[in-house]
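Participant: Numbering (this note's numbering), first residue to last: 879 to 1590.
From the three backbone atoms N, C-alpha and C, an ideal C-beta is built for every residue, glycine too.
Okay, handing you the structure first.
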DNA sequence: GAGCACTGC
């Protein structure tokens, strides 16, 4: 390797090093026989045949766009080509992936191909798990993790080259990284950027990097025959069942993969098929299933397998041996509405790119067949070319704050591949200001700097500081951790819903879902610590608690404690159940921290209808809430969700006196009562006041934005 | 008494 000149190597030089008996990355070791086996198959990959061509382009350009379908070998080979070419620089090569599983498995594969122990010259880094060392020169990592590194070093100075893989997926992190790398390349001429993407939709990225060189590789996949319906049907579940039956009865052997939008659909279709066939192995697959049940799909089966899956099977989990794909053409999509400050979920048609990806799952090992449960006309006219990028879909307060902490003040005029909608940006600024993370001029504040570095939503920092005042900081950190787990901690499997509700009663706090969650987490932790008790798996099973979610919450909590220990005085002491005021402290803290997410029972309506103070929208209490009966007058909520009926989710009853006390609700002309038993006119008045305050905030921010635009 | 997916730090 010592003879290689940075950015001047040839394919021949590299290949002769790869062919030699001694491992060039580990001078005192010889290549294993497995290495040579792997090398033989690597050399047959489409991308390997064009190594010199790639290197020529790489040497001549700072930004390179690599496009190619699956099976081209780009994810494992291109980083190795670059590693050899950049070896002399002494810096690292980073390769990002959108998902953790892909990151670790591709790193493992590459380490094997280079014949080095994982974590030495080749390693990976994902949240909670790092296999890197001082020796590491090729580092696979999640895009989110590189983004958080970039927030401390916007020049990417540890790297000679950054490779963004799966850029066509346009995750929020990839988009932000593209923007940051675009700027970094102009400051660091020696920094190279490689963006790898599927062929589809690459023009957008190309026009974002006009000077970029392009390199296209073909893939190696089997043909998939596509069948459409002649008439469309709204009854996609029954249609899917019919098609699966048809395949099973009439078609040659080969496993079936069926895509449906929701876990409910999946369980229903599975039970219908199970009743019908004994010679078909029916397997549900969705993210909320336990790991063990997910892995059942990989087990050998005596019969034909029929896997009924959500989107997880589209990108996250790949299954070999699928010959038939049945595609409902539907998925669940979350859409954030900045005007309602609400995320709604909709069952909607997938994109053409997704349809192609789903069909491709049939041709991984041999030619396959894909049955689309929609007409060709629908596919042509109703499916958008590809899913909208993440940056256009969500709430952006955290990302705006991140950019501000990095020193980019004028985020509204920031150069994105796709700029977010101004309303989402304004709503983000408004939220940041009401949280006091930016000041009246849009400049980041001292607390804003701390909040930007949190691994949970920045809104939690205010709750931590309020918690510190009220002696329940640990509890607020626990709640922040629970709120950012991937799945809910309470399990309610449809066949055992009643039993689950009874089991959950021992954790229930009648006034608060948040405290009920805390009770469950604390019970889980003491069940782990207590010896001579049930194994923790059994304990969680009996209590209908999600063990994966709970252990994830504990890990997030521990990470938060570490990152906050210099900023806040966190004591070791955890829960104080014996304290009669415990619940009240927590509810008060929640009220004062999330006052902008509070709701009041609708006075004019019968039943459990509430109205949010901020936006004035009506909503019910989610039926899973301990407060779903709607007896309490005031509450704060964590989420406002809608998929048809709007609901407040995870709510805590609060005393309006705690709210009226705050600046936001302050009205000096109103008499204050000690018991907080406010009369209706008073409440109405304070609501109006709050709304006026919100409106004035909005006007101010719009004038900011105009200033912001003028400044550039 | 109604839901409803999937990633990441």
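Going straight from the alpha carbon of residue 1518 to that of residue 1213, what length do you get?
Facilitator: 12 Å
Participant: Taking the alpha-carbon positions, what's the residue 890 to residue 943 distance?
Facilitator: 23 Å
Participant: If we call anything under 8 Å between Cβ atoms a contact, is residue 1099 one with residue 946?
Facilitator: no
Participant: Report the residue from 1026, 1233, 1029, 1040 whose alpha carbon sits nearest the alpha carbon of residue 1017.
Facilitator: 1040
Participant: By the three-class DSSP mapping on this structure, what secondary structure does residue 1531 have?
Facilitator: strand
Participant: Among 1357, 1043, 1364, which has the Cα closest to the Cα of residue 1024?
Facilitator: Among 1357, 1043, 1364, the Cα nearest to that of residue 1024 belongs to 1043.
Participant: Just to confirm the assignment: which complete alpha helix (DSSP H) runs, minimum length 4, are found wholly within the region 1172–1222?
Facilitator: Counting whole runs of 4 or more residues, the region 1172–1222 contains the alpha helix (DSSP H) stretches 1190–1193.
Participant: Using only the alpha-carbon positions, how far apart do residue 1135 and residue 1211 sit?
Facilitator: 21 Å
Participant: Can you tell me the Cα-Cα spacing of residue 1515 and residue 1113, whole angstroms?
Facilitator: 35 Å
Participant: Taking all protein chains shown into account, do 16 or more other C-beta atoms lie within 10 angstroms of the C-beta of residue 1255, making it buried, or fewer, making it exposed?
Facilitator: exposed
Participant: For residue 1512, report the span of its beta strand (DSSP E) as first-last.
Facilitator: 1512–1521
Participant: Compare the C-alpha of residue 1525 against each of 1263, 1502, 1400 and name the closest.
Facilitator: 1502
Participant: Given residue 1239, which residues of its chain have a CB within under 6 Å of its CB, disregarding the five upstream and five downstream residues?
Facilitator: 1135, 1200, 1203
Participant: So residue 927 packs on residue 959, CB below 8 Å; how close in whole Å?
Facilitator: Actually they are not in contact, since the Cβ atoms of residue 927 and residue 959 sit about 12 Å apart, beyond 8 Å.
Participant: Please look up how many angstroms separate the CB atoms of residue 1019 and residue 1002, rounded, as I've assumed it's under 8 Å.
Facilitator: 6 Å
Participant: Please report the distance separating the alpha-carbon of residue 1233 from that of residue 1459.
Facilitator: The C-alpha of residue 1233 lies about 55 Å from the C-alpha of residue 1459.
Participant: Rounded to whole angstroms, what is the Cα-Cα separation between residue 1545 and residue 1512?
Facilitator: Because the pLDDT of residue 1545 is 49, which lies under 50, any placement of that residue in the model is unreliable, and the number read from its coordinates should be weighed accordingly. Their backbone Cα atoms lie some 18 Å apart in a straight line.
Participant: According to DSSP, is residue 1014 helix, strand or coil?
Facilitator: coil
Participant: Can you give me the Cβ contacts of residue 1331 inside the same chain, cut-off strictly under 8 Å, excluding the 5 residues immediately before and after it?
Facilitator: 1029, 1283, 1441
Participant: Measuring only the C-alpha atoms, how far is residue 1500 from residue 923?
Facilitator: 53 Å
Participant: By how many angstroms is the C-alpha of residue 1280 removed from the C-alpha of residue 1047?
Facilitator: 21 Å
Participant: Under three-state DSSP, which class holds residue 890?
Facilitator: helix
Participant: Going by beta-carbon coordinates alone, are residue 1050 and residue 1278 separated by less than 8 Å?
Facilitator: no
Participant: Alpha carbon to alpha carbon, how far is residue 1081 from residue 1146? Give it in angstroms, no decimals.
Facilitator: 41 Å
Participant: Kindly indicate which residue of 895, 1366, 1433 has the alpha-carbon position closest to the one of residue 1167.
Facilitator: 1366
Participant: Assuming residue 1143 and residue 1115 form a contact by the criterion Cβ under 8 Å, report the distance between their Cβ atoms to the nearest whole angstrom.
Facilitator: 5 Å
Participant: Are the CB atoms of residue 1398 and residue 1423 nearer to each other than 8 Å?
Facilitator: yes
Participant: Rounded to whole angstroms, how far is the Cβ of residue 1325 from the Cβ of residue 1307, which I believe are closer than 8 Å?
Facilitator: Wrong, their Cβ atoms sit about 16 Å apart, outside the cutoff.
Participant: Quick check on the DSSP output: the beta strand (DSSP E) that includes residue 1093 runs from which residue to which?
Facilitator: Taken as a continuous stretch (DSSP letters only), the beta strand (DSSP E) holding residue 1093 covers 1091–1095.
Participant: Within the continuous beta strand (DSSP E) that includes residue 1009, where are the two ends?
Facilitator: 1007–1009
Participant: May I ask which residues mark the beginning and end of the beta strand (DSSP E) holding residue 935?
Facilitator: Here residue 935 belongs to no beta strand (DSSP E); instead the alpha helix (DSSP H) covers 929–938.
Participant: So for residue 1315, helix, strand or coil by DSSP?
Facilitator: coil
Participant: Taking the beta strand (DSSP E) that residue 1066 falls in, what are its first and last residues?
Facilitator: Here residue 1066 belongs to no beta strand (DSSP E), and DSSP marks it neither H nor E.
Participant: Can you tell which of 969, 893, 887 has its C-alpha closest to the C-alpha of residue 935?
Facilitator: 887
Participant: Leaving out five residues before and five after residue 1318 in sequence, what residues of the same chain have Cβ atoms less than 6 Å from its Cβ?
Facilitator: none
Participant: Closer than 7 Å: is that where the CB of residue 1218 sits relative to any heavy atom of the ligand GTP?
Facilitator: With respect to the ligand GTP, the structure shown offers nothing to examine, as it has no ligands at all.
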